[in-house]
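Counted the way the working numbering counts, the sequence shown spans residues 2 to 78.
To keep things clear, I will list the structure first and then write my remarks on it.
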Amino acid sequence: MATIESARITIDPAICGGRPTVTGTRMRVSDILDMLAGGTTADEILEDFPYVVEADIRACLAFAARAADHPIVSAAA
């Protein structure tokens, strides 16, 4: 099953050094996350970057949530 970000987020070694980007752009997922973390609103991002749509911002957030949700595996003692 495809996730929300699968069509909106691309990882291509030839684009931005393989960092995740919004599909069809050179806008890195980390750029959008950094702007949101810094207090920029989604509406401001959409206004400043007309090639980004609201679904792209949601996909970046979903991508980050999945990246942060990893199990901690520890070796048996």
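Here a beta-carbon is modelled for each residue, glycine too, at the ideal position from N, C-alpha and C.
For clarity, every value in this text was computed on a predicted model and none was experimentally measured.
Self-check item: Neighbour-count burial assignment, Asp70, 16 or more Cβ in a 10 Å radius
Solution: Here residue 70 is taken as the residue at index 69 of the sequence shown, counted from 1. The residue is exposed, with fewer than 16 neighbouring Cβ atoms inside 10 Å.
Exercise. Just the C-alpha distance for Ala8 and Thr24, rounded to the nearest angstrom, thanks.
Key: By 1-based counting over the sequence shown, the position of residue 8 is 7. By 1-based counting over the sequence shown, the position of residue 24 is 23. So the two alpha carbons sit approximately 7 angstroms from each other.
Self-check item: Ile33 vs Cys61 beta-carbon contact at 8 angstroms
Solution: Walking along the sequence shown from the start, residue 33 turns up at place 32. Walking along the sequence shown from the start, residue 61 turns up at place 60. Yes, Cβ-Cβ distance for Ile33 and Cys61 is below 8 angstroms.
Quiz item: Residues bridged to Val23 by DSSP?
Solution: Along the sequence shown, one-based indexing puts residue 23 at 22. Answer is Ile10, bridged to Val23.
Quiz item: Just curious, the alpha helix (DSSP H) that Cys61 is in, first and last residue?
Solution: Counting from 1 along the sequence shown, the entry for residue 61 is found at position 60. Segment Glu55 to Ala69, the alpha helix (DSSP H) holding Cys61.
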